[in-house]
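Peer 1: The structure that follows is given in the form of structure tokens.
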Amino acid sequence: MKIKVAHSPDSDDAFMFYAIAHKKIDFAPYEFEQIMCDIQTLSDKAVNNPEYDLSAISFHAYPHALDNYSLLSSGASMGDNYGPTLICQNNEDPKELLQKVESGDLEVAIPGLLTSAYLTLKLYSPKVQVVAIPFDQITNAVQENKYQAGLVIHEGQLNYEKLGFQKLINLGEWWYKKTDGLPLPLGVNVIKKSLPTEVKNDLSRIMKESIEYSLNNREEALDYALQFGRNLSKEEADKFIDMYVNELTLDLGLRGRKAVENFLEEAYALNLIPKAPILDIV
8 MKIKVAHSPD
18 SDDAFMFYAI
28 AHKKIDFAPY
38 EFEQIMCDIQ
48 TLSDKAVNNP
58 EYDLSAISFH
68 AYPHALDNYS
78 LLSSGASMGD
88 NYGPTLICQN
98 NEDPKELLQK
108 VESGDLEVAI
118 PGLLTSAYLT
128 LKLYSPKVQV
138 VAIPFDQITN
148 AVQENKYQAG
158 LVIHEGQLNY
168 EKLGFQKLIN
178 LGEWWYKKTD
188 GLPLPLGVNV
198 IKKSLPTEVK
208 NDLSRIMKES
218 IEYSLNNREE
228 ALDYALQFGR
238 NLSKEEADKF
248 IDMYVNELTL
258 DLGLRGRKAV
268 ENFLEEAYAL
278 NLIPKAPILD
288 IV
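Quick note on numbering: the sequence shown equals residues 8 to 289 in our numbering.
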């Protein structure tokens with residue numbers, strides 16, 4: 008049985024799927040076709056064109072894709088006191104600029120309207136004005152003064168200072184403090200509801216085994232993931248993977264579920280998502 012599986016071309020997702028991509032674990036009788044797209048595109052497809060059997064999407068997109076997908080217990084990316092970061096150039100006054108963001112007096116470049124990064128920014132600052140551009144163009148757009156502030160995700164959270172920017176606010180730190188220590192839900196794997204129950208259970212198990220394999224064989228999985236690190240050094244890629252592939256990735260657990268419930272309930276209360284779903288987890 009062929010399974011279409013889609014994830015982002017990022018080092019943490021590549022690390023999770025390494026054992027599947029290189030057949031390091033037994034997943035018979037299934038055959039996997041892997042597709043790589045940015046998280047905004049994958050989230051949009053899950054909502055409007057649900058062609059993938061298993062896909063990485065944002066937690067923001069999940070309430071919009073409820074009719075098509077269930078959550079997998081394995082594969083979530085959670086920012087545990089870190090996460091998407093609002094940046095500006097070093098010659099700006101960060102306090103003054105952050106006040107403008109909060110009052111809606113300037114446009115912020117964001118990596119997509121269905122990203123969890125954007126939803127978190129709206130929870131932080133409901134009046135914020137945004138322009139969605141590809142995530143890998145944000146730092147250049149801020150550097151070229153197209154926008155005074157940008158919301159960086161992926162490796163941008165690690166290397167923005169090296170690129171000559173400063174932090175306005177780290178939204179993962181803000182969320183952690185606001186919720187008394189809960190992680191920030193960012194990305195998640197989902198599975199088609201229309202698949203047979205046995206197949207869904209098998210794929211959930213295989214996903215967990217793939218993550219476990221990489222965590223137990225870190226060096227070889229890291230070498231594979233490095234090619235998706237977009238100019239990260241091996242040490243930086245290892246740090247990034249450690250941030251987003253950990254015990255919460257293996258299984259959401261009670262703490263992860265509570266974080267997701269809080270995140271979506273707060274978004275629903277502000278009319279930022281269509282419904283506050285009861286979590287459907289395989």
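For glycine and all other residues, C-beta sits at the position ideal for the given N, C-alpha and C.
Keep in mind that this is a model prediction, so the values were computed, not measured.
#1: In angstroms, rounded to a whole number, what distance separates the CA positions of V289 and Q150?
#2: For S81 and K215, which I take to be in contact (beta-carbon distance under 8 Å), what is that distance rounded to the nearest angstrom?
#3: Might you give, ordered along the chain, the residues of its own chain that have their beta carbon closer than 7 Å to the beta carbon of S110, omitting 5 neighbours on each side?
#4: Around the Cβ of V195, are there at least 16 other Cβ atoms within 10 angstroms (buried) or fewer (exposed)?
#5: Just curious, the beta strand (DSSP E) that Y192 is in, first and last residue?
#6: Take the Cβ of V138 as the centre, count every other Cβ of all protein chains shown within 10 Å, and call the residue buried at 16 or more, exposed below.
#7: Do S15 and A244 have their CB atoms nearer than 8 Å?
#8: What is the rounded straight-line gap between the Cα of A63 and the Cα of V197?
#9: Around the C-beta of T127, are 16 or more other C-beta atoms found within 10 angstroms, so that it is buried, or is it exposed?
#10: Comparing alpha-carbon positions, which option in Y125, Q41, M23, L121 lies nearest L93?
#11: Along the chain, where does the beta strand (DSSP E) that runs through M43 open and close?
#12: State the CB to CB distance for the pair K31 and Y275, rounded to an integer number of angstroms; the pair is presumed to be in contact (CB under 8 Å).
#13: Classify S77 as helix, strand or coil using the three-state DSSP reduction.
Peer 2: So, to answer that:
#1: 43 Å
#2: 4 Å
#3: K134
#4: buried
#5: As written in the sequence, residue 192 is Pro, which differs from the Tyr given in the question. Residues 191-199.
#6: exposed
#7: no
#8: 6 Å
#9: Taking a 10 Å sphere around the C-beta of T127, we find 16 or more other C-beta atoms and assign the residue as buried.
#10: Y125
#11: 38-43
#12: The C-beta distance from K31 to Y275 rounds to 40 Å, too long to meet the 8 Å contact threshold.
#13: strand
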